[in-house]
Every structure is written in structure tokens, then in C-alpha cells.
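From first to last, the protein sequence lines are chains W and F. Our numbering runs 45 ahead of the 1-based position in the first sequence. Our numbering runs 383 ahead of the 1-based position in the second sequence.
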Amino acid sequence: MAVTIELPHVGESVIEGTIGQWLKQPGDTIERYEPLVEVITDKVTMEVPSPVGGVLLRILAQEGETLPMGAPIAEVETDEIPVKTTPVHRHEAEERPAAPAPTAAKLAGTTGYLVKGVRPVGPTGGGPAPEASPEVPQEVLPETSTEAPAKASTESAASTAGAPRLSPAVRRLVQEHGVDLTRLQGTGLGGRITRDDVQKYLEAGPVTAAPTAAAPATPSTEAAPKPAAGTDEEHIPLTPVRRMIAEALTRSASQIPHAWSTVEADITGLVALRTRVRDDFEERERVNLTYLPFVVQAVAESLKEHPSLNASWGGDKIILKKRINVGIAVAAPQGLIVPVIHDAERLSVAGLARAIRDLTNRARQQMLTLDDVQGGTFTLNNTGALGSVVSQPIINYPQAGILTTEAILKRAVVRDDAIAIRSMMNLCLSFDHRINDGAESSAFMQAVKTRLESMGPDTPIY
Amino acid sequence: MAVKTVIEAVREAIREEMRRDSTVFVLGEDVGRRGGVFLATQGLLEEFGETRVLDTPLAEAGIMGIALGAAFRGLRPMAEVQFSDFVWPAVNQLIGEAARVCYGTNGAVLASMVVRIPYGGGIRGGLFHSQNVESYFFHTPGLKVVAPATPYDAKGLLKSSIRDNSPVVFLEHKKTYRQVRGEVPDEEYTLPIGVADVKRAGGDVTLVTYGLMLHYCLEAAETVAPEGVDVEVVDLRTLKPLDKDTVLESVKKTGKLLIVHEDNVTGGVGAEVAALVAGEAFEHLDGPIARLCGPDVPTMPFAETLEEAYLPNTEKIAEALRKLAAY
């Protein structure tokens, strides 16, 4: 019985998803709950499991297509009614012109050929053999013996669904030729990049982009960027994740009236604190102690005092969020992603460090769950890690603000009418000017600044 | 060149070598008056007489002991084990003695002998006439193990085996005896032991096999060729010593390896080929090494449907090739 698989409803405020890679192809056998397709939402990239076991009959939604939740995406033949063979393969095989039966003349020689239509007659197979006959013996296919390679392949398919796993051959080619894998579209099982993919890419030369783009199926969306290489330009097709990021940022930049503010914080005390506790902490916790958890704590506590920054625009109202869920921008292999530390104000610096380590690790391994990325009420971006000293971040829609921490620099500053060398860091805020004016946003910034500046070598981190 | 069957090629090889070298003689159950149950030695008793064609009692340990003793004294015996399934009583002479004597005597004593063993399934031989025994001998240093699949290879390799100074286990697949035909040169020729043969060149997947399965593999390669899967079929021909160079060269070209044999999967020849490739061509692999082999059940089933379920065939091999090619 054919069953239609629908794009599942996955969580709050997610109303549509973009089809990523199909991890199964028509004709493939699927176990119940086995990953079937990658779906990219504005929150997270996830693998949608098959609700039934059986054989994938048809794919109804192509890669790159954006569909509302509940839309049909595939048809699966379930085991309730036994499926004798893989219908697609069978079908194709029947449609192909039959290969001419091997003739003695063609296959003779040192290779030899198998005489067909001979029924063995006992242990010695004695008696004269009949003449070669083109009759093909009936071959009933029990599934058992092909099980081994089939299993190997599906296991491998599943394992490629997470971070891109490269075969030894591909890894060697990539190293030898310095190939940028993001330029490649895999054609192997589950979108795996095969050795042939790399070789074809190398043969085509570095200017040509990947041959297949994740083209949107509906013509109403913007035209698919054809990988056309002019003399002066190189066109790179969008990955579904890139497209999602672009849409989210465009929506924020075009709908939210952004205003900006920068303060500088003297964090000499914080630097001393971190220097003092860092080695002990890292040895005990096995967690890298960066400045980020200190900032998250200062921001979370300041948001508690200034709830209008922990809010969103409701059209005819302002919605204050009661939980303080701080998102952290992470550069993951598939693109920018913002995992969320829920109830951040309840965690100590140490707890925040552990939470950040866990989230960033899983973001880079593409193992975040939907819960990890939803519910954010405010966002932090550590642009200082990249050497930036001032930024104008775009708000993570529909939040009220986003704060960046800039590079920490030792600078000569005036303290008590004397010149001192202090560790200085800029904090840049973008805020939704519909919700807050300069007074509220500056008060919030001052609160963050004061908290950071008040930290010293003896501040507890637990 | 004439088209011959495998059994004809074997018979020719024995006769030619017996004519060439008077120290060569054959012994086994029913090899004389009956000409062997497969007729491999038909006509030899008439031509060479009872001193060189020995009908023995039904006792494999005795056959192998006589062969071994004769080899120690400088003759070149060719023992026939009627069916591979019956070789077990002779295993002590083969593995315990023949394989080790050269090493143990620092080369002073040689066991230059050939043990011809009809083996394999697909002929509805049931539990006691279908066994695959190759992996037991494949494991043993001091033996050579040859397993040809075509008349040309069978003749050329059997002649080389008789001339070889090591004990050679020469495996003849029963289903190939009369069902595989091919051209055999009229003139004298031999083929080197330890050299595999690329029976079909291709660039996408390497398929390593031997014996009867070669023919299903070649058919499967043709089946998937129109689908754009270009398969290189390597016929090992000699299992021991394994032709590492040919296997590695092919896998380095294709990046993918499927191994097919009808012997049980665990600890079979395919396991060694897989280990070889994983060890020495790792950086060239672009997919998991796949094996399509007989399952680990104690013996070949008798019922036709079960025997078919047990054995790899063209369709199963083609499916495995498709999967590996798509990886």
C-alpha cells in the first residue's frame, strides 16, 4: 500500500521547510524511523525520519523546493502489503532494451562462456551437455544473499548524512589539489562527494562551479542562478542553507528599523579574572574558558533589568518575553547558525561556558536539535574573534536587539588624570527602534558595561 | 583454436604432461577403468597402463599418503579427490605434511604434487557433493591453490601446476566442467601460477572473483554496462599466491571493490582481498569494500530454491554493483 509522507510539523513558528538532500532514492528500502530527507527550516537543518518502513516509491518534492508543513513530499510502499521486488529497478530493467544473448563466437576465447539451460543431473553433473542455448534460466531472487552489500551501503548512507564524510580517495585528492569542497555538489549516495565528482571538478578547472544547482522548483521564486561562468564573473549556486540565511536577513533588514549604539568597556579586571582562573578551570572542566560566558551573564542579567530589550514587535503591541534565552551566532560548516542558551540568567559563568561549548560543538557537527535553536529572545555575536573593533549587526528577526563583542585591545586611556594601559572592548548594539528609543537602549548598554567593568580577579565564576 | 569444455581441457593437460614427463602419474578413486567420475582421466589407463594410472581404494588418506611418498622419492603424482567434500581424511597429509616438508627440511625434501579437487555448488549436489574447501588451503603457507574458471586457464595452469615444485591444490569447479566452454590453443602453452587475469576492463568498479562466479560476474558486468556502470572483472585464477599487484592496480584505478565468491563469507578468500586493499590501497578507496559471498550456513542446501538463495548469481551481483557504483 502506498503511503504519502508529509513534511512534518516540527515546532513553534515553523511553517515551512526547504527540502535539502534526499537520503533515500526511489527504490531504496527504508526502515521505520530511518532518516529519509534533510529539511532546512529557518531554525535548523534536520533529518526527517520515515514514519513507516518500506520502499521509497516516489519523491514528490525536489531539493531546493520550499513547502508548507504538511505538504506531501514522498510516497512509500509499506510492508503491510508485501513488496516482491524493488519496483523502480524492475521497471527500468524491463524498459531497457535487452542485451543480446551472448553468442559462442563473441565470448569464446580465453574467457570462456557459460552454457545456459543446462539442468544439472546429480553430483557429477554427468552426461553430455546440450548445445549452447540462449534461454536464460529463471532466476528467482531471494533477498538474503545481497543483504551484505545492501546493508553496507545503507549504513554508509546514514553515516554521510551528518557532517560530510570523505572517502580516503576523495580526501587524498582534496589535499593534493587544495579543492574547496563547498564548490562541489555530491552525486553519490545521500549526496556524498565521490572521487568522480572531484575529478570532474578538477578537469573542468577551478573557474567552473558545481554542475548541479539546488534549483527551486517553483518558477515564482527568484530565478535559479545558473552556473554560468563569464570571463569576469563566477556564479556560485545557492545552497538551501545560504538561501535561508539570505531570506532571514533580508526580512530583518527590510522590516525592522535598526538603530545602532556602541559603548566601550574597560575589562582589565575581567581579563585578570580570566587569567587567574583559566588554567584551573580548563583542567577541571575540560572546557575552554573564553570571555563569552562572562558577557552572556552580564547581558542576561541586564536583560532582566531592561525587559524591553528582551521583547519583540507585535504590530499593535510590544511582546515582552519572560524567559531570557540568549542566542549565540556560530559559524558552522553549513553556514551561520544561532543555537540558544535557554534561561541564561539562571546559569553561572561556569555553567554558561559548558553550555556554550556543548552548543558550538554540536553546531559544528551539525547535530543541533530543533530545541537548541528555537525560543531565542536576544542574540550575541562575538565579532571580536574575527578581529573586528566595531560592527553594525543585523537583528535576528523578530528579536528586539543584537549585541556584538568586539576585539579586546590594550589601549592607552585616561584614568584619574593619568594615562593608563587598560584592556578595552567595544560593545555594539543594534536595536529595533519601534520597541526602544535611545534612552532604554543606552540604559541597557550601561548596565552591561557596568557589570563587565565590575568584574575583577576575585569575582566568583560558579 | 578449438572450442572445448573445461573437463576436456583438464584431460588434455594431464595427457600432455604424462606424455612429456614419465615421472607424472595419476591416482584416485575410479580414475582408471572408469576414467574418473567426471571422465577427467578417460582413456589414460589405455594409453599409459596400470603403473601410471592407479585405481585406489576408497580412502583419501591413503591416496594422499601414496602421493606424498612418491613425491618424496622424486615422482610427480597427480592425485584426484573425487569430490572436495571427501578431502577431509587427507588433510593431515596435505596440510600437516606436504605443505611443511620443504620448509622443515630446508629444501632437502620436496612434495612436488598436484591434488585435483572438483568442488563447488550450483549442481544440486547437496550436502556432500557441493562444498567449497578453498579457504582451508588458502590459509596454509607451503601450498599453492589454483582455481581456474575457463578451459584456457584450466589447461595452462594445470600444466604449470604439474611442473611446479610445490604441492598444488588444483580446484576445478564442477559446474564449469561441461557448462563452460572456450577456445583452447592447439599448440603447447602454459600459464604462470600467481597471476590474475583481467577478464573485462572497466573504470568504475573492480569486481574480484574466481571459479564459476567469474561467469556470473561477467554477465552482471554486461547487465549494468548500459546503465553507465563500467565494471572491471579480475579473475584471480590463482588464490595462493595471491596476485596482489593486479588487484591493487585495478582498485587504484576504479576506487571501488566488490568481491564475489560462493564460499562462505567469513574468513574466505574475499576477506584477505579486502584486507589487502584496505591496507595497501586505502587512499584510493572511494567506497566501502563490499563482499557478495555464500552466507555462513554449514553447507550448500540441497533444495533447488535454497541452493539458489545460497549462491550469488548474475542478478544479485548486478544489484550489488549498482549499489556500489551509486555510493
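Even for Gly, the Cβ is constructed at its ideal location relative to N, Cα and C. All values reported here derive from a predicted model rather than from experimental measurement.
Counting only C-beta atoms, is T156(W) closer than 8 Å to chain F at any point? Position 111 of the first sequence, counted from the first residue, corresponds to residue 156(W). T156(W) counts as touching chain F.
Only counting runs of 4 or more residues, tell me where the alpha helix (DSSP H) segments fall wholly within the stretch 644 to 706 of chain F, in order along the chain. 652 to 663 and 687 to 693
Determine, using beta-carbon pairs with one atom in the stretch 539 to 556 of chain F and one in the stretch 493 to 507 of chain F, whether at least three such pairs fall under 8 Å. yes
Which same chain residues end up closer than 7 Å to P94(W) when comparing Cβ atoms and leaving out the 5 residues on each side of it in sequence? The residue you call residue 94(W) lines up with position 49 of the first sequence. Counting only Cβ-Cβ distances below 7 Å, and skipping sequence neighbours, we find Y78, E79, P80 and L81.
Segment limits, alpha helix (DSSP H) that includes Y560(F): Residue 560(F) sits at position 177 when you count from the first residue of the second sequence. Taken as a continuous stretch (DSSP letters only), the alpha helix (DSSP H) holding Y560(F) covers K557 to Q562.
Any C-beta of chain F under 8 Å from that of R496(W): One-based indexing of the first sequence puts residue 496(W) at position 451. With 8 Å as the cut-off, R496(W) does not count as an interface residue toward chain F.
Give the secondary structure of D468(F) by DSSP, where H, G and I count as helix, E and B as strand, and everything else as coil. Against the second sequence, residue 468(F) aligns to sequence position 85. In the structure shown, D468(F) sits in a helix (DSSP, three-state: H, G or I).
Return yes when at least one heavy atom of the ligand NAD lies under 7 Å from the C-beta of A484(W), else no. Of the ligands one can find in the structure shown there are none, so the ligand NAD has no counterpart to examine.
Between the CA atoms of V616(F) and P438(W) - distance to the nearest angstrom: Taking the first sequence and counting its residues from 1, the one referred to as residue 438(W) is at position 393. Taking the second sequence and counting its residues from 1, the one referred to as residue 616(F) is at position 233. The alpha-carbon atoms of P438(W) and V616(F) are separated by roughly 59 Å.
Is the CB-CB distance between H667(F) and V634(F) below 8 Å? As a working mapping, residue 667(F) is identified with position 284 in the second sequence. As a working mapping, residue 634(F) is identified with position 251 in the second sequence. It is a contact, given that the beta carbons lie within the stated cut-off.
Tell me the residue span of the beta strand (DSSP E) that contains N471(W). By one-based count along the first sequence, residue 471(W) stands at place 426. Where N471(W) is concerned, the enclosing beta strand (DSSP E) stretches over A463 to D477.
Do you know offhand how far A767(F)'s Cα is from Y158(W)'s? Outside the shown range of chain F, which is 384 to 710, sits residue 767(F), and nothing can be said about it.
In chain order, what residues of the same chain lie with their CB nearer than 6 Å to the CB of S436(W), ignoring the 5 residues before and after it? Residue numbering aside, residue 436(W) sits at position 391 when the first sequence is read from its first letter. Hits under 6 Å: T428, T449 and C473.
Say whether chain F places a C-beta atom closer than 8 Å to the C-beta of A214(W). Here the question's residue 214(W) lines up with position 169 in the first sequence. Yes, A214(W) counts as interfacial toward chain F.
Taking the alpha-carbon positions, what's the D241(W) to D225(W) distance? As a position in the first sequence, residue 241(W) is number 196, starting the count at 1. As a position in the first sequence, residue 225(W) is number 180, starting the count at 1. If you take the alpha carbons of D241(W) and D225(W), they lie about 15 Å apart.
Looking at chain W, is there any beta carbon in it that lies within less than 8 Å of the beta carbon of L668(F)? As a position in the second sequence, residue 668(F) is number 285, starting the count at 1. Flagged as an interface residue toward chain W: L668(F), by a C-beta distance shorter than 8 Å.
Do you know how far the Cα of T307(W) is from the Cα of R399(W)? Numbered from 1 along the first sequence, position 354 holds the residue referred to as residue 399(W). Numbered from 1 along the first sequence, position 262 holds the residue referred to as residue 307(W). So the alpha carbons of these two residues sit roughly 28 Å apart.
Residue-level contact to chain F via CB, V383(W), 8 Å cutoff: The count along the first sequence starts at 1 and reaches residue 383(W) at position 338. It does not; no Cβ of chain F falls within 8 Å.
Is the CB of V393(F) under 8 Å away from at least one CB in chain W? Here residue 393(F) is taken as the residue at index 10 of the second sequence, counted from 1. No, because no Cβ of chain W sits closer than 8 Å to the Cβ of V393(F).
Short of 9 Å Cβ to Cβ, which residues in the stretch 593 to 615 of chain F face chain W? L595, L597, H598, Y599, L601, E602, E605, T606, A608, P609 and E610
Rounded to whole angstroms, what is the Cα-Cα separation between V458(W) and I466(W)? For this step, residue 458(W) is matched to residue 413 along the first sequence. For this step, residue 466(W) is matched to residue 421 along the first sequence. In a straight line, the C-alpha of V458(W) is about 6 Å away from that of I466(W).
Could you check whether N370(W) and T422(W) sit closer than 8 Å to each other, using their CB atoms as the reference points? As a working note, residue 422(W) is residue 377 in the first sequence. As a working note, residue 370(W) is residue 325 in the first sequence. Contact flag set, yes.
Span separating the alpha-carbon of G586(F) from that of V464(F): Numbered from its first residue, the second sequence carries residue 586(F) at position 203. Numbered from its first residue, the second sequence carries residue 464(F) at position 81. Rounded to the nearest angstrom, the two C-alpha atoms are 40 Å apart.
Is there a Cβ from chain W that is less than 8 Å from the Cβ of F455(F)? Locating residue 455(F) in the second sequence gives position 72, where the first residue counts as 1. Chain W, which has no Cβ nearer than 8 Å to the Cβ of F455(F), makes this no.
Please give the ranges of any beta strand (DSSP E) in the stretch 499 to 541 of chain F, keeping only runs that are unbroken, at least 3 residues long and fully inside the region. Taking only runs of at least 3 residues, the beta strand (DSSP E) segments lying wholly in the stretch 499 to 541 of chain F are 527 to 529.
Hey, could you find the ends of the alpha helix (DSSP H) G452(F) is sitting in? Sequence index remark: in the second sequence, residue 452(F) carries index 69 (1-based). Where G452(F) is concerned, the enclosing alpha helix (DSSP H) stretches over E443 to F455.
So, at 6 Å on beta carbons, what are the nonlocal neighbours of K557(F) in its own chain, with the 5 sequence-adjacent residues on each side left out? Numbered from its first residue, the second sequence carries residue 557(F) at position 174. Answer for K557(F): P501, G503 and I506, listed in chain order.
For H598(F), the three-state DSSP class (helix, strand or coil): Taking the first residue of the second sequence as position 1, residue 598(F) is located at position 215. Residue state, collapsed to three classes: helix.
Among residues of its own chain, excluding the 5 on either side of F408(F), which ones have a beta-carbon nearer than 8 Å to its beta-carbon? Your numbering for residue 408(F) matches position 25 in the second sequence. These residues qualify, in order along the chain: M401, F431, T434, R435, V436, L437, A453, L458, R459, P460 and M461.
Mapping the DSSP letters down to three states, classify V414(F) as helix, strand or coil. Here residue 414(F) refers to the residue found at position 31 when the second sequence is read from its first residue. V414(F) falls in the coil class under three-state DSSP.
Secondary structure at E92(W), three-state DSSP: helix, strand or coil? Along the first sequence, read from residue 1 onward, the residue named residue 92(W) stands at position 47. DSSP places E92(W) in strand when its eight states are reduced to three.
Are the C-beta of P534(F) and some C-beta of chain W separated by less than 8 Å? By 1-based counting over the second sequence, the position of residue 534(F) is 151. By the rule that beta-carbons nearer than 8 Å mark a contact, P534(F) touches chain W.
Please state whether the Cβ-Cβ distance between G525(F) and R499(F) is less than 8 Å. As a first step, residue 525(F) must be located in the second sequence, where it is residue number 142. As a first step, residue 499(F) must be located in the second sequence, where it is residue number 116. Contact: no.
How about V383(W) and T424(W): are their beta carbons less than 8 Å apart? On the first sequence, residue 383(W) is found 338 positions in, with the first residue counted as 1. On the first sequence, residue 424(W) is found 379 positions in, with the first residue counted as 1. Yes, the pair counts as a contact, with Cβ atoms nearer than the cut-off.
Roughly how many whole angstroms lie between the Cα atoms of V322(W) and S299(W)? For the purposes of this step, residue 322(W) is identified with residue 277 of the first sequence, where counting begins at 1. For the purposes of this step, residue 299(W) is identified with residue 254 of the first sequence, where counting begins at 1. The alpha-carbon atoms of V322(W) and S299(W) are separated by roughly 44 Å.
Against chain F, with Cβ distances strictly below 8 Å, would L159(W) count as a contact? Start at 1 with the first residue of the first sequence, and residue 159(W) comes out as number 114. Yes, contact with chain F.
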